[in-house]
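Quick note, the sequences are listed as chains A and B, same order. Throughout the first sequence, residue numbering follows our numbering, covering 291 to 694 in sequence. Throughout the second sequence, residue numbering follows our numbering, covering 2 to 174 in sequence. Yeah, the Cβ is synthetic: ideal placement off N, Cα and C, and Gly gets one too.
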Amino acid sequence: MAHFTKATSVHDWINQRLGIDTVRRVMATEYWIPKNINFLWAMGMVLAITFALLLVSGIFLLMYYQPNVNTAFDSVNYTIMREVDFGWLWRHVHGVAASVVFLVIYIHMFTGIYYGSYKNGREMIWISGMLLFVTFSAEAFSGYMLPWGQMSYWAGMVITNLFSLGGLHADGIVEWIRGDYVPAQAFLDRFFMLHVLLLPLAIMGVIGLHFGALRIPHVNNQDGEELDFEKEAAKYKAGDKKGSKVIAFANDFMSKDLFVVGIFLIFFFYLVFFHYDFAMDPVNFDPADGLKTPAHIYPEWYFLWSYEILRPFSTNIGLMAFGFAQVIFFLLPFLDRSPNAIPANRRGLFSLWFWAMLVDMIVLTAMGKLPPEGIFSTIGLVAALVFIGLWIALPFITKSEKKA
Amino acid sequence: MKNGRRAFMGKAFGAVAGVGAVASLYAMKKSWDPLPSVRSAGFTTLDMSAYKENELVVEKWRGKPIFVLKKTAAMLAKQTDADKARDVLVNGEHYMVCIGLCTHLGCIPGYRPESSDFLCACHGGMYDFTGMVTKAPPPRGLDIPPFKVDGNKLVLGEEGPEYKKMKETGITL
Ligand code: HEM
Ligand code: FES
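Below, the structure is given as structure tokens:
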């Protein structure tokens, strides 16, 4: 094996040493993608690109940001925004991408739920996807601490307090996480470390796992049809590209993927240049003050649904409901007892379940933004109960589903 | 025989790595602990003669807001025995002294002098002027910080006999 011949070209020289032709074949030219899919299957690529945008803009922010309680606020709001040439661009790209990435994640997740792409061998794709959701959430939260504005401070206070585990009064854990009695220098420093190093490393690792998990089962398709990939690939390679139900990932499918990415990027930069304000909470333009709570503390929009599940209940029940909401999506492949991996609209009661879940999460999101008073409290409570109820009902609904 | 030696080496490495892993986890845990300087900077002294009736003053102790409210005669008349047990008495005057963080998730409730009560804007919790909960989600009344009465002064962070009694009887955590 370790026998090298005189290279005939630079390509050959590298290929003999790194086996790039094999890598290319496995990852691209003979990685088969079903033809019967639609633009929703490009969301994964959109997410990968958005992550790259976050990384690049983050690197530039990191050049001027100062993780110190006295200077953090000005290093962002003065130095980066006013002094650094194009500093505003990196900040707005970073802020808008952090918000939009969650919109795309939710679309990506609900696409997976709709087409049943989380079962019959695709469980690891789903589980690694949920790990990405959790690490992205932690990444977004830790990043939100860094400008050290009023919302940073008070969101930090409220969220770290969740770890006292309500009636257990585990204040020791809270102080351990913060490194102080309240969010202060030690807290800012360690969340800075998490945001710029540990969590991004974890995310990159899990993205690798997510892609790896896709390789063997391949992506699903619009009809949940179980394809014989070897047979279809053989047809394709024999020249029957029309008759084959698959195409190669690169360059064939990639061109479509990147077309969707292009449209997304136009929309994205439109937001960055003309509507970045939706991703910048006005309250966070006041510096952190430990002696003054803002009138309403609410998280960024993408956490509102789970926050609303916490809010209507007393502390302990609220925490349990919140904990339930955080982990339950992990269990989807096991709570869905039906073997059918077909679109939700062909699955009887499950179709109702899907739309009810989607609408319920939108209602929770809307109520989470409104002050917890009167009719809003009631709607929020009902929506939270519906959320829990739907999950309890899921195994029963799917168990009785007929085999398609 | 060869396999026996291989197994032994594997186990020996496992033991060394295991000890190392536990030791480094311990060091990592300790590195996240609050620093001694943070722990020791924990005392605040208040001059209690300076407060006015029904006027909420927010002091600071360990970075946390402390509510001090001197009670009016009308408030005292309304108090039940359970309410009175929460009072801090200095020179015969009654004060409410509480950590000004909602016991739900730690926002600062706002004082409303007209109705002499507190409203927490975060999730709508309410407290009366003694710091007792009148509307959920907060699970209990506002906590009372460790205090010691010293003449006209109140030292926060030190546990005096009055505070210890409150703790024993479960009036505060
Ligand atoms: C945030 C970073 C994420 C990235 C970069 C990412 C990337 C990708 C890519 C490139 C694909 C293949 C193309 C496609 O079907 O879209 C994919 C598929 C998939 N992802 Fe993700 N994903 C992410 C998060 C998630 C999350 C949060 C979930 C849900 C828990 C998830 C669940 C899935 C599923 C079920 C598939 C398979 C779809 C199918 O077979 O049709 N992913 N992902
Ligand atoms: S923090 Fe006060 S009601 Fe939740």
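Which residues DSSP lists as bridging residue i, in chain order
i        : result
B:Lys136 : B:Met127
A:Pro324 : A:Val536
B:Gly111 : B:Leu120
B:Thr45  : B:Leu157
B:Val1   : A question about residue 1 of chain B goes unanswered here, because the residues of chain B that appear run from 2 up to 174.
A:Tyr526 : The partner list for A:Tyr526 (beta bridge, DSSP) is empty, contrary to what the question assumes.
B:Lys149 : B:Val156
B:Glu94  : B:Val91
B:Glu169 : Answer is none; B:Glu169 lacks a bridge partner.
B:Ile100 : B:Ile67
B:Glu54  : B:Lys71
A:Pro577 : A:Gly439
Proximity test, Cβ basis, 9 Å: residue i and chain A
i        : result
B:Thr81  : no
B:His95  : no
B:Leu47  : no
B:Cys108 : yes
B:Leu157 : no
B:Thr170 : no
B:Cys123 : yes
B:Gly11  : no
B:Thr173 : no
B:Val98  : no
B:Leu57  : no
B:Val39  : yes
B:Gly15  : no
B:Leu90  : no
B:Gly161 : no
B:Gly21  : no
B:Gly111 : yes
Chain B contact for residue i (CB, 9 Å cutoff)
i        : result
A:Leu487 : no
A:Phe481 : no
A:Trp466 : yes
A:Phe593 : no
A:Arg627 : no
A:Met353 : no
A:Trp438 : no
A:Asn630 : no
A:Asn360 : no
A:His459 : yes
A:Leu452 : yes
A:Ile587 : yes
A:Ala611 : no
A:Met441 : no
A:Ala471 : Inspection of the sequence shows that residue 471 of chain A is occupied by Tyr rather than by Ala. Yes, contact with chain B.
A:Met447 : yes
A:Ala656 : no
A:Gly608 : yes
Distance between beta carbons of residue j and residue i, contact taken as under 8 Å
i        : j        : result
A:Asn326 : A:Asn511 : 4 Å
B:Lys107 : A:Val448 : Here residue 107 of chain B turns out to be Gly, not Lys, going by the sequence shown. The pair is a contact, with the Cβ atoms about 6 Å apart (cut-off 8 Å).
A:Thr583 : A:Trp444 : 6 Å
A:Gln356 : A:Asn574 : Between A:Asn574 and A:Gln356 the Cβ distance is about 17 Å, and since that is not below 8 Å, they are no contact.
A:Gly433 : A:Ala388 : 7 Å
A:Trp643 : A:Leu684 : 6 Å
B:Glu54  : B:Thr81  : That belief does not hold up - the Cβ atoms of B:Glu54 and B:Thr81 are roughly 20 Å apart, past 8 Å.
B:Gly161 : B:Phe44  : No, B:Gly161 and B:Phe44 are not in contact; Cβ-Cβ is about 13 Å, not under 8 Å.
B:Tyr128 : B:Phe148 : Wrong, their Cβ atoms sit about 19 Å apart, outside the cutoff.
A:Leu609 : A:Leu499 : Contact doesn't hold; Cβ gap of about 30 Å is too wide.
A:Pro589 : A:Phe363 : About 20 Å separates the two Cβ atoms, so there is no contact after all.
A:Gly348 : A:His382 : Between A:His382 and A:Gly348 the Cβ distance is about 13 Å, and since that is not below 8 Å, they are no contact.
B:Lys155 : B:Val91  : Going by the sequence as given, residue 155 of chain B is Leu instead of Lys. Yes, B:Leu155 and B:Val91 are in contact; Cβ-Cβ is about 6 Å, under 8 Å.
B:Met97  : B:Thr131 : 6 Å
Practice problem: Considering only heavy atoms of ligand 2, list every residue whose Cβ is less than 7 Å from one of them, following chain order. | Solution: A:Val448, B:Cys103, B:His105, B:Leu106, B:Gly107, B:Cys108, B:Pro110, B:Cys121, B:Cys123, B:His124, B:Gly125, B:Gly126, B:Pro138, B:Pro139
Quiz prompt | Positions along the segment 557-585 of chain A whose CB lies within less than 9 Å of some CB in chain B | solution = Gly580, Leu581, Lys582, Thr583, Pro584, Ala585
Quiz item: In chain order, what residues of the segment 661-676 of chain A put their CB closer than 8 Å to some CB of chain B?
Solution: Pro661, Pro662, Glu663, Ser667
Quiz item: If you measure beta-carbon to beta-carbon, which residues of the segment 130-150 of chain B are closer than 7 Å to chain A?
Solution: Ala137, Pro138, Pro140
Quiz item: What residues in the segment 410-436 of chain A have a beta carbon less than 7 Å from any beta carbon of chain B?
Solution: none
Quiz item: Going along the segment 59-82 of chain B in order, which residues come within less than 7 Å of chain A, judged by CB to CB distance?
Solution: Val59, Lys61, Arg63, Gly64, Lys65, Pro66
Quiz item: Between the segment 595-606 of chain A and chain B, which residues of the former have a C-beta closer than 9 Å to a C-beta of the latter?
Solution: Leu600, Arg601, Pro602, Phe603, Ser604, Thr605, Asn606
Quiz prompt | Cβ-based contacts, 9 Å cut-off: residues of the segment 23-35 of chain B near chain A | solution = Lys30, Trp33, Asp34, Pro35
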